[in-house]
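Trainee:
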Amino acid sequence: MPEAHVGVVTGAASGIGKASALRLAADGLIVGLLDRDGTGVDATIREIATSGGHGLPLVADLSDSDAVTEAIRTAAGAGALRVVVNAAGVFSSGSIADLDEREWQRVMDINLTAAYRVCRAAIPLMAHGRHGAVINISSMSGRTKSVKGSVAYVASNGGLIAFTQTLAAQCGPDGIRVNCIAPGPVRTPMTEAHDLLDAKTISAIPLERYAEPSEIAEVVAFLASDASSYVTGETINVNGGMFTI
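For the sequence shown, UniProt numbering assigns the number 1 to the initial residue and increments by one for each residue that follows.
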């Protein structure tokens, strides 16, 4: 019997992470849901099961290196680790005068350092199989200025894009592709909680609407599949055409 293929998605309790987990499960992967929100993880797993898929709860704090490593090992125990999606993220706003070091560290820890922790644990396991795909979820703010995001938020997303490019170069010889997605405004609990979806924002989007998490998940599925077998080191803008204005 062929070995099962496993994917791990961070931030899988809600938003883009949840949508990505559902989409990868629909493609037949056993999906490990790595998030500290156990209730949200359980809810996503129930949705996966309802559709006939298989989810694996990996409840852990992404700021805890040991917990992340153990979660990745648990996922790899379910089959061949093939896909990692770093979708966890937090938002921060305000001027640099209002940004204390504690907030800077909080944003960097989840938006950038967590991806490092996950990849550090996962890459050796994926390299052993000489096949894999890492997809990092950044933001269009990592490629341009942000009106609403703090310098910490923007720097963390820009850092994730640079992290993607260098990791792709390092991992290519091992058959591992590493890519990034830079979404524009997406309707998620995070964007709604921070009032980031408003008429002014819509006016800057040629498609005149926000993205839904499922639309980002479709790009995740493409980058995780063999359809993108010669794509690595790239950052794909998914922003409704905002960079065309």
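Even glycine gets a Cβ: it sits at the ideal position worked out from N, Cα and C.
(1) If I measure Cβ to Cβ from residue 239 and keep anything under 6 Å in the same chain, skipping five residues before and after, which residues do I get?
(2) Compute the beta-carbon to beta-carbon distance between residue 118 and residue 39, rounded to the nearest angstrom, for a pair I have assumed lies under 8 Å.
(3) Along the chain, where does the alpha helix (DSSP H) containing residue 46 start, and where does it finish?
(4) With C-beta atoms as the reference, is residue 23 less than 7 Å away from residue 61?
(5) Could you compute how far the alpha carbon of residue 232 sits from the alpha carbon of residue 216?
(6) Check whether the segment 68-81 and the segment 109-125 are in contact - that is, three or more C-beta pairs closer than 8 Å.
(7) Would you mind stating whether residue 79 and residue 4 have Cβ atoms separated by less than 7 Å?
(8) Going by beta-carbon coordinates alone, are residue 210 and residue 187 separated by less than 7 Å?
(9) Would DSSP call residue 154 helix, strand or coil?
(10) Just checking my contact of residue 89 with residue 137 at CB under 8 Å: how many whole Å lie between their CB atoms?
(11) Go through its chain and collect everything with a Cβ distance to residue 127's Cβ below 6 Å, but skip five positions before and after it.
(12) Helix or strand or just coil, what does DSSP make of residue 5?
(13) For residue 16, count neighbouring Cβ atoms within 10 angstroms of its own Cβ and tell me buried if that reaches 16, exposed if not.
(14) Taking the CB atoms as reference points, tell me whether residue 107 and residue 156 lie closer together than 7 Å.
(15) Which runs of the alpha helix (DSSP H) spanning at least 4 residues fall entirely within the segment 69-115, listed in chain order?
(16) Which residues in the same chain have their Cβ closer than 8 Å to the Cβ of residue 92, if we skip the five residues on either side of it in sequence?
(17) Figure out for me which residue from 34, 134, 213 has the closest Cα to the Cα of residue 163.
(18) Using the beta-carbon count (16 or more within 10 Å), is residue 200 buried or exposed?
Mentor: Inspection of the coordinates gives the following:
(1) Only 140, 184 meet the Cβ criterion.
(2) Not quite, the Cβ-Cβ distance comes to about 22 Å (not below 8 Å), so this is no contact.
(3) Taken as a continuous stretch (DSSP letters only), the alpha helix (DSSP H) holding residue 46 covers 38-50.
(4) No, they are not a contact pair.
(5) Roughly 18 Å between the two C-alpha positions.
(6) As far as the Cβ criterion goes, the segment 68-81 touches the segment 109-125, which means the pair count is three or higher.
(7) Their beta carbons are under 7 Å apart, which means residue 79 touches residue 4 by this criterion.
(8) Yes, the pair counts as a contact, with Cβ atoms nearer than the cut-off.
(9) Helix, per DSSP.
(10) Confirmed, about 7 Å.
(11) So the list reads 174, once near-sequence residues are dropped.
(12) Correct three-state label for residue 5: strand.
(13) Buried, by the Cβ-count rule.
(14) It is a contact, given that the beta carbons lie within the stated cut-off.
(15) If only uninterrupted alpha helix (DSSP H) runs of at least 4 residues are considered, those enclosed by the segment 69-115 are 101-108.
(16) The beta carbon of residue 92 sits closer than 8 Å to the beta carbons of 99, 103, 106, 107, 149, 150, 152, 153 from its chain, once the five residues preceding and following it are set aside; these are given in chain order.
(17) When each option's Cα is compared against that of residue 163, the closest is 134.
(18) So residue 200 counts as exposed.
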